[in-house]
Each structure stands twice: as structure tokens, then as C-alpha cells.
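Asker: Dropping the structure in here first, questions after.
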Amino acid sequence: MHVKGTGKSSILIQLVENEFYETEPTIGMSYKNCPFEIEGKKIDLRIWDTAGQERYRSINRSYFQGTCGALLVYDITSIHSFETLPYWIKEIQEYAPENVQMVLVGNKIDLVDDRKVSTEMGEKFANDNQLDICETSAKTAENVRDAFELCIKKVLDSVERGVFKLNEDQIGLRQRVELLKHEENETGKKKKKEGCC
């Protein structure tokens, strides 16, 4: 017997606490802070865990407005969860900032015998919707960190290229990105001075 939901909360718990336990469906919204280091850069993440139930969807929309990146999680043992993905993409595109970065995540790959959504199905959907995809197991922690890292890289890259504009709700990330740029500039100046005759 496995968790009835897609395992969004379990993925988050595995990332933040390095533990796995089955959770009840998310009520409304919850979030966790998570320090993250990627390519030598320290990032402070605030990760929102949204409820999938229809009665909470209007609440989700208000939080989408401050989103930089999103993991679209489906359960590989549930065709229904896979079939709801177009709805969630539409919601994010409508209510989140323009060019928000999304990563598709097929969870519960530890349940091999119960798989209903093949890797090929997930990859085709990802390709059709121009998304990156990662299959994970919240239970074994396989690829959990990789999924978040992939999303963070996409966000940072889009900010650096000027494709994604940060607003006041994302001031924490903006300050962090600006700080990283400052540190890189200072490092570059030091190297120039060291190489000077």
C-alpha cells in the first residue's frame, strides 16, 4: 500500500529532513525553508507545498504570483495524476509570473511493479510541453535533490539572461542573486590585480 497522493510533501520532507514518512494530503498551503548549495553558490529556498484538492485551488493561485520555479509532481502509479498535469500547467501559466521555470517530476519510482505511467510517456509529455523531466523516489531519496537542483539552475539561468524578472515577492532570491554577482565581480577584480605587473 502506498500514499494516496503524488508524494509532493514526502519529496519535500526527504529534501529538507533526509527522512521518509507517509503524510496526509496537504491542507491549504505549507512551506519549508531549505539552504541549498549549487555550483559553489549558496541559495536560500522557500518551498511552498500546495494542496492538490480542488477546494484549495483558489488559495494556490495567490501563491503562484510569487513563484520563481515549480515542480509539477505526478505519481507514476497513477494515470489520473498524470492526466491532471495540463490543468496545473495552465494554472501556473495563468497565475504565476511570465517565464516561471517548471520541471516535471514523476514520483514513486521505487514502486516498479505498480507503474502505470512509463518513462517514455513522461518524456513525451515533457517534450511536447518544453519541460525538463526527472523521475524520483521520495522513499529512497533517488533523484530528489537532482529535481530541485535542476529547477534552481533553470531559475538562476533565466534570471542571469534577463528572461525572468523578479518582483517584490521574490526579493530574497533577488538579493541573493545580486550578492552572488557582487561576489563574482570582486573575485574577478582580485584575479586581475594578482596578475598585474
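Each residue of the sequence shown is one higher than the one before, starting from 18 at the first, in our numbering.
Glycine is no exception: its CB is placed at the ideal position from the N, C-alpha and C atoms.
Taking L62 as the reference, which of E54, V120, N50 has the closest Cα?
Answerer: That would be N50, whose Cα lies nearest to the Cα of L62.
Asker: Going by DSSP, name the residue or residues bridged to C51.
Answerer: Partner(s): L62.
Asker: Take N167 and list the residues in its own chain whose beta-carbon comes closer than 7 Å to its own, dropping the five residues that flank it on each side.
Answerer: According to the sequence provided, residue 167 is Leu. The question's Asn does not apply to it. V120, D149, C151.
Asker: Measure the C-alpha to C-alpha separation of E115 and F181 and round it to an integer number of angstroms.
Answerer: Going by the C-alpha atoms only, they are around 7 Å apart.
Asker: At 4 residues or longer, and completely inside the segment 153 to 187: list those alpha helix (DSSP H) runs for me, N to C.
Answerer: Runs found: 161 to 177.
Asker: For R162, which option in N35, E177, W65 has the closest C-alpha, if you only look at C-alpha atoms?
Answerer: Closest option to R162, Cα to Cα, is N35.
Asker: On the three-state DSSP scale, how would you describe I30?
Answerer: Of the three classes helix, strand and coil, the one that applies to I30 here is helix, per DSSP.
Asker: Is the beta carbon of V122 closer than 7 Å to that of V90?
Answerer: A contact, by the Cβ cut-off of 7 Å.
Asker: Which word fits K156, buried or exposed, when buried means at least 16 other C-beta atoms lie within 10 angstroms of its C-beta?
Answerer: Classification of K156: buried, given that the 10 Å Cβ count is 16 or more.
Asker: Start and end of the beta strand (DSSP E) containing L88?
Answerer: Where L88 is concerned, the enclosing beta strand (DSSP E) stretches over 86 to 92.
Asker: So, helix, strand or coil for T101, using DSSP?
Answerer: In the structure shown, T101 sits in coil (DSSP, three-state: anything other than H, G, I, E or B).
Asker: Measure the CB-CB distance between T101 and D131 and report whether it falls below 7 Å.
Answerer: Not closer than 7 Å, so no.
Asker: Please report how far the alpha carbon of V129 lies from the alpha carbon of A87, in whole angstroms.
Answerer: Rounded to the nearest angstrom, the two C-alpha atoms are 26 Å apart.
Asker: Would I169 and I28 be called neighbours here (beta carbons separated by less than 7 Å)?
Answerer: No.
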